[in-house]
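Colleague: This structure is in structure tokens; I'll ask about it shortly.
In the numbering used here, the protein residues as written are 651 to 793.
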């Protein structure tokens, strides 16, 4: 029986891992495409314009980090669906520009201080406990 930890540790069984991702996407009502890459600079990235989530095989070695990363990116997909792709991109970029130009007091980094990134982090932290329990109990989605 393949465990999620093994999948994340570079021994990907794509079918089973995609089933886990599809279950998460279905729960949150989003349908991004998933593409695996070998990035060493980021765990995952959601590209709004093409509704695609890129997930690093090299960095996602830990089950908790994997879930956290996917949930964070799912929140971006939820927001893109909620606001519409164009409006979400404009709002995200406006926030980045406001920070970069010094209009947001106490905020300096256009990425990590971006309110959409902060919201996605809070979402991932809030939701991860639910999924760790659910994936542990599920026959299809297990650690």
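Built from N, CA and C at the ideal position, the CB exists for glycine as well. In this text the structure is predicted, and so the values were computed from the model without any measurement.
Do you know offhand how far residue 658's Cα is from residue 706's?
Modeller: Annotation note: pLDDT 48 at residue 658 (below 50); position unreliable, coordinate value reported separately. Their Cα atoms are separated by approximately 10 Å.
Colleague: Rounded to whole angstroms, what's the CA-CA distance from residue 735 to residue 696? Just pull it up for me.
Modeller: For residue 735 and residue 696, the distance between alpha carbons rounds to 12 Å.
Colleague: Please state the DSSP three-state secondary structure of residue 702.
Modeller: In this structure, residue 702 counts as strand in the three-state DSSP scheme.
Colleague: Does DSSP put residue 708 in a helix, a strand or coil?
Modeller: In this structure, residue 708 counts as coil in the three-state DSSP scheme.
Colleague: Rounding to the nearest angstrom, what Cα-Cα distance links residue 762 and residue 666 in this structure?
Modeller: Roughly 32 Å between the two C-alpha positions.
Colleague: In whole angstroms, what is the alpha-carbon distance linking residue 703 and residue 771?
Modeller: Computed Cα separation, rounded: 16 Å.
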